[in-house]
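The structure appears below as structure tokens.
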Amino acid sequence: MPAARSVDRLSASMTKVTVIAHSLGAPVSRRALLDAIRNQASWAGKTRLQLFAPAHMGAYLNKVRKELGIASRLIASLTALTKFGVLSLDGLEPGSPFLTQLMEDSSKELANGWDAQVKARQVIFGDGENVVMVQRFLEDPPHTVWPGHGHCSVCRCDKTAPAIASYLA
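Following this note's numbering, the numbering of the sequence shown begins with 4 at its first residue and continues without gaps.
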């Protein structure tokens, strides 16, 4: 995989890799991390997760499709990606094969001592979250709730940058 080798070369001099992900990006990022651990990528051991409204436990798919309906190009892109075996929206159905496998593989790597990498350092939801299931994923820390924010605003509000900065410090 040329892209994987490029990431390995790029991360060789880094001491920490922080993945900040929102919504569908959270389970996709965790899947990539689990694959990196399995493939012994050099950056896997340096990685930490910070998650905003993660969809690890599933999503209310009708609401997801409605939110995505605003951006029809994004839907077309997601549809194109499914042709290459990348997660489709149906993979966010609670109990889907994708989410079930993600939980099984995460549990395995937690048991293998990869807890610093696989367990999120911070999980944030808005109190108006109505797109993804607000449930704890395995050993992730209890989530923080930001009042006055919903699924989309939780990752782009006045609290977001300070939360990221404090996490990176």
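We put the CB at the ideal spot given by N, CA and C, even for glycine. Since the model is a prediction, treat every value here as computed from it, not as a measurement.
CB-CB under 8 Å to tryptophan 149, same chain, minus the five flanking residues each way: which ones, in chain order? Here residue 149 refers to the residue found at position 146 of the sequence shown. Cβ within range, chain order: Ile127, Phe128, Gly129, Asp130, Val157, Cys160, Lys162.
Taking C-beta to C-beta, are proline 30 and leucine 113 nearer than 9 Å? For the purposes of this step, residue 30 is taken as the residue at position 27 of the sequence shown. For the purposes of this step, residue 113 is taken as the residue at position 110 of the sequence shown. In this structure, leucine 113 does not lie closer than 9 Å to proline 30 by Cβ.
The alpha helix (DSSP H) spanning cysteine 159 covers which residue range? On the sequence shown, residue 159 is found 156 positions in, with the first residue counted as 1. Sequence check: residue 159 is arginine here, not cysteine. It is not in any alpha helix (DSSP H) - arginine 159 carries neither H nor E in the DSSP assignment.
May I ask you to list the residues that DSSP assigns as paired with glycine 129? Within the sequence shown, the letter at position 126 stands for residue 129. Per DSSP, Trp149.
Quick check on DSSP: helix, strand or coil for glutamine 53? Taking the first residue of the sequence shown as 1, we reach residue 53 at position 50. Three-state result, glutamine 53: strand.
Could you check the C-alpha separation between tryptophan 46 and valine 20 for me, to the nearest Å? As a working mapping, residue 46 is identified with position 43 in the sequence shown. As a working mapping, residue 20 is identified with position 17 in the sequence shown. Approximately 7 Å, taken between the alpha carbons.
Assigned exposure category for glutamate 132 - 16 Cβ within 10 Å defines buried: Residue 132 sits at position 129 when you count from the first residue of the sequence shown. Taking all protein chains shown into account, glutamate 132 has 16 or more neighbouring C-beta atoms within 10 Å of its C-beta and is therefore buried.
Is glutamine 125 closer than 9 Å to leucine 54 when the C-beta atoms are compared? Locating residue 54 in the sequence shown gives position 51, counting from the first residue. Locating residue 125 in the sequence shown gives position 122, counting from the first residue. Between leucine 54 and glutamine 125, the C-beta spacing is below 9 Å.
Going by C-alpha distance, which of Cys155, Trp117, Ala123 is nearest glutamine 43? For the purposes of this step, residue 43 is identified with residue 40 of the sequence shown, where counting begins at 1. The candidate whose alpha carbon is nearest that of glutamine 43 is Trp117.
Output the distance between the C-alpha atoms of histidine 152 and proline 100, rounded to the nearest integer angstrom. Taking the first residue of the sequence shown as 1, we reach residue 152 at position 149. Taking the first residue of the sequence shown as 1, we reach residue 100 at position 97. Going from the Cα of histidine 152 to the Cα of proline 100 covers about 30 Å.
Any C-beta of chain E under 9 Å from that of proline 30: Among the chains of the structure shown, chain E does not appear; only one protein chain is present.
Looking at C-alpha atoms only, which residue of Ile167, Leu102, Val134 is the closest neighbour of tyrosine 63? Residue mapping note: residue 63 aligns to position 60 of the sequence shown, counting from 1. Per the Cα distances, Val134.
Pair within 9 Å by beta-carbon distance, glutamate 107 and valine 121: Within the sequence shown, residue 107 is the residue found at index 104, counting from 1. Within the sequence shown, residue 121 is the residue found at index 118, counting from 1. No, they are not a contact pair.
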